[in-house]
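Contents: one structure, followed by commentary.
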Amino acid sequence: MQTKRIVKLEAGYNCRDLGGYRTKDGRRVQWGRLYRSGSLSHLTKADQAELARRRIVVDCDLRSRHEQDSYPDQIWPGARVIDTHFYSEAGDEEEEAEAAWAKYSGKVPRLSYLAMVYQQNLLAPRTGLVMRKIFQELLALKDDEALIYHCSMGKDRTGMVSVIVLMALGLDDREIMRDYLFSRSYSRDWNEADENDRLGRQIAKMNQTQVSQSSFYGITETIRQMWGGFDRYFTSLGFDRRDLERLRDKFLE
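Residue numbers (numbering that gives the first Met the number 0): 0 to 252.
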């Protein structure tokens, strides 16, 4: 099944279908509806045709504005790109993120370097806005349409979004971790970050850091400890239980 989920692209990176994973209530994630990926900035015409064939109509770009501007996605017919830059950038976003970390960092478990970066981002207001936007797009998708989200390597920003989306769909940690750790199968030599600024250097360092169980729990346990569980986290984004049930009905079978 892991081989089935790999989307083979000539010039894409770490592109995968999230279909087939089993939920705690015995349902499965539908194939061909949710995709995660690394960079989409070098796609060939054949790659673009493949993504169009899969009816992927929404492309959520999680990369920084610098990465987006320097390496724009090679968009395919019928799709639209949405700026969902995941890390807080200079100005108000960065100040809000620093204030949130100063206020709440003592309430989250101390794990690995990568887990700490994940925790910092989970607590930042910017991340909540991005996740709200992604869930809104998912809820608005037609039944014959699909959505993809991606960063540069498809392991950290994309990994965080995947964990949160799969928690929303009702998977247990073990199943979600299978997807998260699958990025170990890919090399860590892809970098689109600008290393001349603080955020770019952080992204470059993360690109060279291997995902692990510790970093995975930096996501799941922070949600549970800070919000008291996924349902409350989802509510904090501005949704309710009916939205969660509708999301599951839309993407599970």
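We put the CB at the ideal spot given by N, CA and C, even for glycine.
Cys-14 and Tyr-34 have their alpha carbons spaced roughly 7 Å apart. When only Cα atoms are considered, Arg-223 and Asp-58 end up about 29 Å apart. Leaving aside the five residues that flank Val-28 on each side, the residues in its chain whose CB is nearer than 7 Å to its CB run, in chain order, Leu-17, Gly-18, Gly-19, Tyr-20, Leu-168, Phe-250, Leu-251.
Proximity of the stretch 61-73 to the stretch 99-112 falls short of the contact definition, fewer than three beta-carbon pairs being nearer than 8 Å. Rounded to the nearest angstrom, the gap between the Cα atoms of Leu-236 and Gly-25 is 26 Å.
Pairing Ile-147 with Ser-38 gives a Cβ-Cβ distance that is not under 7 Å. Counting the other CB atoms within 10 Å of its CB gives Ile-55 a total of 16 or more, which places it among the buried residues. Ser-182 and Lys-141 do not touch by the CB rule: their CB atoms are close to 29 Å apart, not below 8 Å. Residue state for His-149 is assigned as strand, using DSSP reduced to three classes.
Exposure of Gly-105 is indicated by the presence of fewer than 16 other C-beta atoms within 10 angstroms of its C-beta.
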